[in-house]
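Participant: The structure that follows is given in the form of structure tokens.
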Amino acid sequence: MKALEGVKILDFTHVQSGPTCTQLLAWFGADVIKVERPGAGDATRKQLVDVPNADSLYFTMLNHNKRSITIDTKNPKGKEVLERLIKTCDVLVENFAPGALDRMGFSWERIQELNPRMIMASVKGFGPGKYEDCKVYENVAQCAGGSASTTGFLDGLPMVTGAQIGDTGTGLHLAIGIVTALYHREKSGRGQKVLAPMQDGVLNLCRVKLRDQQRLASGPLKEYSQYGEGIAFGEATPRAGNDSGGGQPGRILKCKGWETDPNAYTYFITQAAAWDKICDLIGEPDWKTAPGYDKPVHRLDKLNKIFNRIEQWTMTKTKFEVMDICNPLDIPVGPILSMKEIMDDEGLRKTGTIVQVDHPERGPYFSVGCPIKLSDSPVEVTRSPLLGEHTSEILTQVLGYSDDEVAQLKEAGATEVVKKAAAE
Ligand code: CAO
């Protein structure tokens with residue numbers, strides 16, 4: 048039995064933030080019923096298309112283990128189907144633009160009337176306040192949540208990061224909110240509203256930068272390289288380049304092959320506990336006891352010099368050799384892995400974090416499986432549904448419509464009944 052078996056999710060999500068949340072719940076065993084607009088579906092199905100006439104990787108990689116039903120929710124008959132789904136499901140997850148669900152006729156009050164046990168979970172760009180009506184995408188959230196102003200190099204532009212902290216990050220926040228509300232419902236018997244604004248989610252992930260903002264009042268941030276370079280701090284947390292965000296200084300250093308390989312680098316952390324071993328390793332044993340080097344606090348104004356010296360050593364090794372040598376010495380390092388290397392990583396394949404999935408339209412492709420492992424609720428990643436693939440099945444088996452009624456719904460333009468995928 049899967050952890051969330053028996054939980055029915057009405058998945059009204061699209062693009063990335065919402066779908067990542069419901070995909071996770073599906074992996075934990077929930078029955079996720081994705082509601083899509085007839086003829087169109089989630090816009091990502093046809094975005095960044097790589098295989099003509101097939102659902103894009105953008106869509107397939109965010110919608111595994113779900114069922115798809117098409118309903119025109121602006122059609123009166125379609126609204127009736129949605130009402131039945133609301134009465135049947137435990138959770139409604141949505142990430143429409145603010146107000147869209149109300150305009151459809153499904154306010155929180157109406158949803159509660161239909162099903163007082165319903166948990167309604169939403170991603171929005173911003174929480175209540177002056178920006179609450181804005182439409183928001185990933186990079187907007189990264190900028191508004193404090194990530195962009197603190198990412199990049201001091202002399203460069205604010206920078207967005209490739210990690211989708213606004214979308215997938217908020218999807219994770221929402222998923223935590225949903226399972227918490229489900230747990231609460233066990234005791235209260237009632238549903239509740241769960242809101243995860245993207246700005247708030249990004250800020251939560253940038254918590255350490257707000258820490259640094261307040262530390263500025265007590266003087267310069269000594270672990271930032273700009274301190275050692277004698278560059279004054281301004282009034283806000285600056286961009287920190289590749290400096291470590293914690294109390295243990297770290298940098299990205301060149302490794303053998305860096306001249307031609309854009310990823311021949313390692314992240315190297317001069318953790319205080321490993322200092323003596325680092326000194327021996329790089330051929331500077333005197334630094335273990337030399338005044339100005341012996342204590343972490345004394346080294347802060349010399350970090351550039353220290354990392355330059357360590358880099359002379361890392362440049363004689365590949366990033367994997369650095370890892371192999373440093374790991375047994377408990378020196379924390381990490382190779383800069385390319386997506387190609389990650390896709391081929393045997394360990395990640397073995398644990399199911401990189402999975403190969405077959406798809407009737409596009410053939411086999413790689414995806415990221417469930418990154419959270421539950422010992423008693425293993426995950427089997429199945430392909431994303433074709434648009435409306437499960438419409439008949441859901442209408443008849445979940446909602447109890449007869450075949451004639453299904454035909455009438457189709458006739459009324461409330462839905463589109465799509466044939467099952469060709470033999471797989
Ligand atoms: N049948 C009929 N109509 C449907 C439907 C269905 N099954 N599903 C959706 N619609 C309608 C909605 O009712 C809405 O109509 P109205 O505007 O007339 O009320 C319309 O489709 C479009 O919804 P939208 O405004 O959410 O979509 P968009 O493409 O214009 O905006 C986005 C996309 C992501 C900017 C917006 O949804 C948003 O801000 N969401 C919240 C934040 C978020 O999740 N952002 C992350 C996205 S991933 O980067």
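Per my numbering, the very first residue in the sequence shown carries number 48; after that it's consecutive. We put the CB at the ideal spot given by N, CA and C, even for glycine. Only a predicted model underlies this, so the values are computations on that prediction, with no experimental measurement involved.
I want to check one thing, is the minimum distance from the CB of Arg150 to the heavy atoms of the ligand CAO below 7 Å?
Facilitator: For the ligand CAO, at least one heavy atom lies less than 7 Å from the Cβ of Arg150.
Participant: Looking at Gly238 and Met167, is the spacing between their C-beta atoms short of 8 Å?
Facilitator: Against a cut-off of 8 Å, the Cβ pair of Gly238 and Met167 comes out as a contact.
Participant: For the putative contact between Leu109 and Gln70, defined by C-beta atoms under 8 Å, what is the C-beta separation to the nearest angstrom?
Facilitator: About 6 Å separates the two Cβ atoms, so the contact holds.
Participant: Using alpha carbons as the reference points, say which of Val82, Thr67 and Leu129 lies closest to Thr117.
Facilitator: The shortest Cα separation from Thr117 among Val82, Thr67 and Leu129 belongs to Val82.
Participant: Check Lys121 in the structure and name its three-state DSSP category.
Facilitator: Correct three-state label for Lys121: coil.
Participant: From what residue to what residue does the alpha helix (DSSP H) around Leu148 run?
Facilitator: From DSSP, the alpha helix (DSSP H) with Leu148 extends over Ala147 to Arg150.
Participant: Please specify which runs of the alpha helix (DSSP H), each continuous and at least 4 residues long, are wholly inside the stretch 277-338, giving them in chain order.
Facilitator: Runs of the alpha helix (DSSP H) inside the stretch 277-338: 322-329.
Participant: Which ranges would you report for the beta strand (DSSP E) in the stretch 222-272 if only whole runs of at least 3 residues count?
Facilitator: Entirely contained in the stretch 222-272, the beta strand (DSSP E) runs reaching 3 residues are, in chain order, 240-244.
Participant: Given this structure, state the Cα-to-Cα distance separating Val453 from Asp58, to the nearest angstrom.
Facilitator: Each residue's Cα considered, the two are about 21 Å apart.
Participant: Going by the C-beta, is Asn110 closer than 7 Å to any heavy atom of the ligand CAO?
Facilitator: Incorrect: Asn110 has no Cβ contact closer than 7 Å to the ligand CAO.
Participant: On the DSSP bridge list, what partners appear for Val207?
Facilitator: Note: Val207 sits in no beta bridge, so no partner.
Participant: For the pair the stretch 127-142 and the stretch 199-209, tell me if three or more CB-CB distances fall below 8 Å.
Facilitator: Not touching, per the Cβ criterion.
Participant: Within 7 Å: the Cβ of Lys124 and any heavy atom of the ligand CAO?
Facilitator: Not under cutoff, so the answer is no.
Participant: Secondary structure at Leu384, three-state DSSP: helix, strand or coil?
Facilitator: Residue state, collapsed to three classes: coil.
Participant: Can you find at least 3 beta carbon pairs, one from the stretch 374-381 and one from the stretch 344-359, that sit closer than 8 Å?
Facilitator: No: the two stretches stay apart, fewer than three of their Cβ pairs being nearer than 8 Å.
Participant: Should Glu185 be listed as close to the ligand CAO, given that the test is whether its C-beta is under 7 Å from any heavy atom?
Facilitator: Yes - the ligand CAO has a heavy atom lying nearer than 7 Å to the Cβ of Glu185.
Participant: So, helix, strand or coil for Phe59, using DSSP?
Facilitator: The answer is strand: DSSP assigns Phe59 an E or B state.
Participant: My output table needs one value for Leu139: the three-state DSSP class, helix, strand or coil.
Facilitator: DSSP places Leu139 in strand when its eight states are reduced to three.
Participant: Quick check: does the Cβ of Phe106 come within less than 7 Å of any heavy atom belonging to the ligand CAO?
Facilitator: No.
Participant: Output the distance between the C-alpha atoms of Met48 and Ser424, rounded to the nearest integer angstrom.
Facilitator: Roughly 7 Å between the two C-alpha positions.
Participant: So, at 7 Å on beta carbons, what are the nonlocal neighbours of Lys240 in its own chain, with the 5 sequence-adjacent residues on each side left out?
Facilitator: Excluding residues within five positions, the ones whose Cβ falls inside 7 Å are Trp155 and Met167.
Participant: Could you check how far apart the C-beta atoms of Ile357 and Ile329 are, in whole angstroms? I think they sit under 8 Å.
Facilitator: With a Cβ gap of about 5 Å, Ile357 and Ile329 count as contacting.
Participant: Look at Asn142 and His220 and say whether their C-beta atoms are less than 8 Å apart.
Facilitator: No, Cβ-Cβ distance for Asn142 and His220 is not below 8 Å.
Participant: May I have the straight-line CA-CA distance separating Ala50 from Pro163, to the nearest angstrom?
Facilitator: Whole-angstrom Cα-Cα distance: 23 Å.
Participant: Would you tell me roughly how many angstroms separate the C-alpha atoms of Asp119 and Val140, rounded to the nearest one?
Facilitator: Near 17 Å, if we compare the C-alpha coordinates of Val140 and Asp119.
Participant: Are Asp290 and Ser272 closer than 8 Å when you measure CB to CB?
Facilitator: Yes; because the gap between Cβ atoms is below 8 Å, this pair is in contact.
Participant: Just the Cα atoms here: how many angstroms apart are Ala210 and Cys68?
Facilitator: Distance between the alpha carbons of Ala210 and Cys68 is about 16 Å.
Participant: According to the neighbour-count rule (16 or more other Cβ atoms, all chains shown, within 10 Å of its Cβ), is Lys121 buried or exposed?
Facilitator: Burial call: exposed.
Participant: Given this structure, state the Cα-to-Cα distance separating Gly199 from Gly288, to the nearest angstrom.
Facilitator: Cα to Cα, Gly199 sits roughly 5 Å from Gly288.
Participant: If I follow the unbroken alpha helix (DSSP H) through Ile158, where does it start and stop?
Facilitator: Residues Trp155 to Leu161.
Participant: The beta strand (DSSP E) spanning Gln403 covers which residue range?
Facilitator: Element bounds for Gln403: Ile401 to Val404.
Participant: Quick one: measure Cβ to Cβ for Ala311 and Lys397, integer angstroms, because I've assumed they're closer than 8 Å.
Facilitator: Their Cβ separation, rounded to whole angstroms, is 25 Å, which puts Ala311 and Lys397 out of contact at 8 Å.
Participant: Does the separation of the CB atoms of Cys302 and Thr313 fall below 8 Å?
Facilitator: For Cys302 and Thr313, yes; Cβs fall inside 8 Å.
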